[in-house]
Each structure stands twice: as C-alpha cells, then as structure tokens.
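Numbering (this note's numbering), first residue to last: 8 to 362. These notes are about the structure you will find just below.
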C-alpha cells in the first residue's frame, strides 16, 4: 500500500511478456525514488494468481508482488507491458475483465509496446489515440478499428491513457510520467543516469531504415553494405558501387532492394547520417569536418539532412547527445558520486539505500 504522498504504480506481468518492457520503465521509477530521496513511487507488479511468470525467450522468470485479488484497490497508474504473447494474453477472459474494472478506478492507465492489444481487448482504447511498436500497428488497427493507432509516435497521451512504442520507448513513457508527477528536474536526472534523453525528437520512422534493411546473406550485397558503412566519405554513387560489386547499375539496384528490403540510395543516406551522429556524439570535431568525414559534403547539407530526418540541427543534436554534455544545472551538485560509490560497493538495492 502506498504511503500518503506516494504515487502507486502497478505493472501487469504474464507468461510471454517482454522483460525489457517491464524492467525498463520500472527501473526509471525506481531510480526516481533513489535520486529524490523521498520515494515518490510505490511500485508493484501483478499477475492473475500472483505466481511467477515466464518471460519471453524462457531465460528469465518474474515474481510479481501481487495477484489480481491482493493488489490494493487504490492504484494511481496501471501499466501493461508488451511481448510476443501480448495479442493472445489480451484474449484471456480473466485479464480482460480485471483490466476493464481496474482501469475505471486508476487515475491513469497505459501500455508499453504491443501491450496496447490487452488494453484494446478490454475495450479501453475506443476512440483513443495510442502508440504501439511499429511492427504491430497494422494488426492492432485491423483487430480494433475503433482504436486510433499512431504509427510513428514514441509515446502518446490521450486524456488519461498513456501508451508507448516498442522496447526502449517504454522508458520514454516512464520519463514523461515522472515529469508529470514530480517535475522536469527529477525526470532529467533520471534520464541522465539511464543514459537517455528526456524527450527524443522524431518518431519511430527515424529508426526504420536499419531495422528494415537487414544485412544480406548474399556475399556481394552484404560486403557492399559493410563497405558503405565503413567508408561513408567515399564515392557512393550507384555507378561506383556497381563497379565495386561487379554488377551493372540496374542489376545492383534490383538485387540490393531484393536482398535488403531497402533502396540502395536510402541505405547510403542512412549510413552517412548515422556516421555523422556518431561523430557528433563521441568527438569534438567541427561541424564542417563531421560533414566531410560523413560524406554529407558541407555544413549546410548536413543541417538539411538532420532537419529532414529528426527535426533538429546538428548543433542541437550534439548538445543533447554528446558524451560530455553538461547537465541542465552544471553548478549544482548531483548524485553521481553517491551512485558510483553505491554501485561499486556491491550494487545495493534502492530499498537498502533508503533504509
């Protein structure tokens, strides 16, 4: 039971749940407790019978803190994670009935990844805009046409319903909830210690090229892909790449798309953009040099590429993601030394730290 002033978080778990959908967001809430020193969150996990569940992949089991029957009646936030079993788990009559009932009493509810299937099955997303993993968006729309699925959003707040896209986007959702509950400074500290950015620019589409373009098992194409990534500043026009691959230009264009699922020009542009991102994150090279080394030509062209892809210029990207980026208030003491001491002393739990 949450103490007075605490915000209670309950996360549903079930057989076949994705471990990261559970542990990622809950780690954010736990770290908020640790950093703040006053434990703003009371965190619980719940399964229908309170027994251990087998997570997806079979390599880890999760022991919930509560069953449906023992979870306190007053829960501020109810979250449903995703996983390979989510679409089927949503059809379980006990789970549907429990979610439909508990959502009416929770201050807010939401989902991570394709956990939106469970909410939709319980009738909780009618005329509600939701986010889900990009690979499940079409199926969610097909099964539940009354649900407004945003295919690109990392997370969405629609009234008291908070939903996120897949995997690490669940941590973006948790940070947004922490900001809403406890304020931006604490959310920023949690983001820094989780090596995250408080508000990522862009949507899922910015990550789609390398997700779609798997490396080909065909040696000529796979080797060409690796060479492009390793040499972004070289001549990567189609005719030059065709000579390297020993193919005609039209043959290369057809073969590349057939074996990777992505047009050659799109792959080249993505490789150059990602190389520029890496240099901005990990080096102090000037913008002009970054543009040349990445094959983007010059600063103006690089700026256009960044604005088109993620909506921010290279200077802002570096300020946000550089490995030595300062905190918002660099002169204020932070918990870094205390965190490091505790982690190196044996990874004491947050509960032990508070005690």
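Every residue, glycine too, gets a C-beta built ideally from N, C-alpha and C.
In or out: residue i buried (at least 16 other Cβ within 10 Å) or exposed?
| i | result |
| --- | --- |
| residue 265 | exposed |
| residue 31 | buried |
| residue 67 | exposed |
| residue 94 | buried |
| residue 110 | buried |
| residue 232 | buried |
| residue 77 | exposed |
| residue 142 | exposed |
| residue 71 | buried |
| residue 308 | exposed |
| residue 54 | buried |
| residue 144 | buried |
| residue 44 | exposed |
| residue 178 | buried |
| residue 88 | buried |
| residue 321 | buried |
| residue 242 | exposed |
| residue 272 | exposed |
| residue 100 | exposed |
| residue 258 | exposed |
| residue 255 | exposed |
Just how far apart, CA to CA, sit residue i and residue j?
| i | j | result |
| --- | --- | --- |
| residue 106 | residue 129 | 6 Å |
| residue 149 | residue 316 | 29 Å |
| residue 170 | residue 85 | 11 Å |
| residue 48 | residue 167 | 18 Å |
| residue 64 | residue 247 | 43 Å |
| residue 75 | residue 52 | 10 Å |
| residue 238 | residue 278 | 9 Å |
| residue 281 | residue 114 | 40 Å |
| residue 276 | residue 57 | 50 Å |
| residue 122 | residue 230 | 38 Å |
| residue 294 | residue 131 | 48 Å |
| residue 103 | residue 21 | 13 Å |
| residue 61 | residue 245 | 49 Å |
| residue 188 | residue 151 | 31 Å |
| residue 13 | residue 46 | 7 Å |
| residue 176 | residue 50 | 19 Å |
| residue 112 | residue 17 | 13 Å |
| residue 25 | residue 140 | 12 Å |
| residue 120 | residue 108 | 22 Å |
| residue 80 | residue 312 | 51 Å |
| residue 40 | residue 192 | 13 Å |
| residue 19 | residue 96 | 11 Å |
| residue 90 | residue 173 | 9 Å |
| residue 234 | residue 325 | 26 Å |
| residue 154 | residue 249 | 46 Å |
| residue 283 | residue 159 | 23 Å |
| residue 33 | residue 260 | 45 Å |
| residue 29 | residue 323 | 31 Å |
Determine which residues share a DSSP beta bridge with residue i and list them.
| i | result |
| --- | --- |
| residue 18 | 52 and 86 |
| residue 125 | DSSP, once it has assigned bridges, lists no residue as partnering residue 125. |
| residue 117 | 86 and 169 |
| residue 69 | 60 |
| residue 157 | 138 |
| residue 163 | 170 |
| residue 301 | In the DSSP output, where bridge partners are listed per residue, residue 301 has none listed. |
| residue 74 | 54 |
Cutting at 6 Å between CB atoms, please list the residues of its own chain near residue i, excluding the five before and the five after it.
| i | result |
| --- | --- |
| residue 225 | 266 |
| residue 196 | 42 |
| residue 186 | 194 |
| residue 302 | 239, 240 and 279 |
| residue 116 | 85 and 110 |
| residue 306 | 294, 295 and 298 |
| residue 15 | 9, 49, 82 and 83 |
| residue 118 | 87, 126 and 170 |
My guess is that residue i and residue j are in contact by the Cβ rule of under 8 Å, so how many angstroms apart are they, rounded?
| i | j | result |
| --- | --- | --- |
| residue 157 | residue 133 | Residue 157 to residue 133, Cβ: 15 Å. No contact. |
| residue 92 | residue 23 | 2 Å |
| residue 147 | residue 124 | 6 Å |
For residue i, I'd like the list of residues in its chain whose CB is within less than 7 Å of its CB, leaving aside the five on either flank, ordered along the chain.
| i | result |
| --- | --- |
| residue 218 | Reliability fails at residue 218, whose pLDDT of 40 lies under 50, so the model's placement of it is uncertain and no value is given. |
| residue 270 | 264 |
| residue 98 | 128 |
| residue 286 | 292, 297, 300 and 301 |
| residue 35 | 178, 181, 182, 185, 197 and 201 |
| residue 236 | 278 |
| residue 310 | 320 and 321 |
| residue 314 | 320 |
| residue 304 | 298 |
| residue 163 | 136, 137, 138, 157 and 170 |
| residue 27 | 174 |
Which residues in the same chain have their Cβ closer than 8 Å to the Cβ of residue i, if we skip the five residues on either side of it in sequence?
| i | result |
| --- | --- |
| residue 38 | 197, 200, 201 and 357 |
| residue 228 | 252, 262, 263, 266 and 267 |
| residue 59 | 68, 69, 70 and 71 |
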